[in-house]
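Heads up: the structure comes next, in structure tokens.
In full-length UniProt numbering, the protein residues as written are 1 to 46.
Dropping the structure here:
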């Protein structure tokens, strides 16, 4: 990221960047453990 300009080389990466920017604007960014994320997306907790 020279000069604070990101380099995105794939469509998937660009999509993820847009989703992250939109979440930041909405204030939806938070921190979760992998276990909590797994539980939220419907995985089976062991």
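Think of the CB as a built atom: it goes at the ideal place given N, C-alpha and C, for glycine as much as any other residue.
All of these numbers come straight from a predicted model, not from anything done at the bench.
Can you tell me which of the three DSSP states residue i falls into?
i, result
"residue 15", "helix"
"residue 21", "helix"
"residue 97", "Residue 97 lies beyond the stretch modelled for the chain, which goes from 1 to 46, so this question has no answer here."
"residue 27", "coil"
When you compare only the Cα positions, how much space is there between residue i and residue j?
i, j, result
"residue 26", "residue 17", "14 angstroms"
"residue 6", "residue 13", "11 angstroms"
"residue 39", "residue 32", "11 angstroms"
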